[in-house]
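Worksheet: the structure to be examined is printed underneath.
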Amino acid sequence: TIAKEVYEELLRARGDRRSQPPPFVMDRREGFVAWMNPRGPEIGLEEKAYDVCASFGDDMRNAIAALLGHELAHYYEKHDWRRHFVSQYSDLEVGKDLGVLDDAKRNEAQADYLGGLLAYSAGYDVQGRMPELCEKLYAAYGLKEELRGYPTLEERKIIATRAQDRLQELTKALDMANYLVAIGEYGEAFDYYNYILKE
Numbered sequence: 043t044i045a046k047e048v049y050e051e052l053l054r055a056r057g058d059r060r061s062q063p064p065p066f067v068m069d070r071r072e073g074f075v076a077w078m079n080p081r082g083p084e085i086g087l088e089e090k091a092y093d094v095c096a097s098f099g100d101d102m103r104n105a106i107a108a109l110l111g112h113e114l115a116h117y118y119e120k121h122d123w124r125r126h127f128v129s130q131y132s133d134l135e136v137g138k139d140l141g142v143l144d145d146a147k148r149n150e151a152q153a154d155y156l157g158g159l160l161a162y163s164a165g166y167d168v169q170g171r172m173p174e175l176c177e178k179l180y181a182a183y184g185l186k187e188e189l190r191g192y193p194t195l196e197e198r199k200i201i202a203t204r205a206q207d208r209l210q211e212l213t214k215a216l217d218m219a220n221y222l223v224a225i226g227e228y229g230e231a232f233d234y235y236n237y238i239l240k241e
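If you read the sequence shown in the numbering used here, its first letter stands for residue 43, the second for the next number, and so on.
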């Protein structure tokens with residue numbers, strides 16, 4: 043399928059061979075839109091969400107890349123570690139302390155711009171796609187503006203817009219690094235790549 047092709051292109055662009063990448067699954071259920079299951083592990087996309095991406099017409103692959111890049115960022119950045127840790131150590135003070143912290147907004151913002159950078163490095167144009175994609179997904183799924191454990195829809199759109207601003211900086215750095223490699227300026231290219239890696 044098109045979604046599987048996009049997913050494989052994102053994995054190639056990521057180039058992380060330290061472990062087996064999570065398999066990609068599509069599902070007919072409705073409720074998760076797209077997900078990262080760290081225990082599987084797997085990255086998934088619901089057929090209904092795929093249909094929403096298809097509504098973007100010529101930008102369908104870009105919309106899919108934005109969603110799947112976001113989920114892959116959650117996976118590679120290990121955004122689920124705290125919830126897993128808290129559930130295992132809920133009887134200890136450290137588990138209780140970590141349980142009251144809310145990483146949802148930070149994780150979503152990071153997944154938006156790191157997922158966007160991944161999609162961009164795979165050749166997709168995801169600039170400005172997430173706010174509209176969020177709007178369409180919430181409408182298609184009949185989701186409330188506020189979902190437990192997530193930023194509100196309005197916050198998600200603001201987070202996505204700000205993440206796109208950050209993504210623009212990172213894509214400029216990536217382009218510059220690639221141009222420098224092309225002309226043999228490896229030392230300067232290293233500085234740009236290192237800047238991106240630190241982010």
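Using N, Cα and C, we set each Cβ at its ideal position, and we do this for glycine too.
Taking a contact to require three or more Cβ pairs closer than 8 Å, the stretch 167-179 and the stretch 217-234 do not qualify as touching.
The three-state secondary structure of ASP154, taken from DSSP, is helix. Taking every protein chain shown into account, the CB of GLU150 has 16 or more other CB atoms within 10 angstroms, so this residue is buried.
Residue pairing by DSSP puts PHE66 in a beta bridge opposite ILE85. Only residues of its own chain outside the window of five on either side were considered, and among them ALA151, ASP154, TYR155 have a CB closer than 6 Å to the CB of ALA205, listed in chain order. Contact between GLU84 and PRO65 holds, with the beta-carbon distance rounding to 5 Å and staying under 8 Å.
Using a 10 angstroms sphere on the CB of ALA181, the tally of other CB atoms stays under 16, which defines it as exposed. Distances from the CA of ALA161 to each of GLY73, GLU113, GLU89 were compared; the closest alpha carbon is that of GLU113. Cβ-Cβ separation between LEU52 and ALA107: approximately 6 Å, consistent with a contact (criterion under 8 Å). Of the candidates LEU159, ASP100, LYS178, LEU159 places its Cα closest to the Cα of ARG56. DSSP places ALA115 in the helix class (H, G or I) of the three-state scheme.
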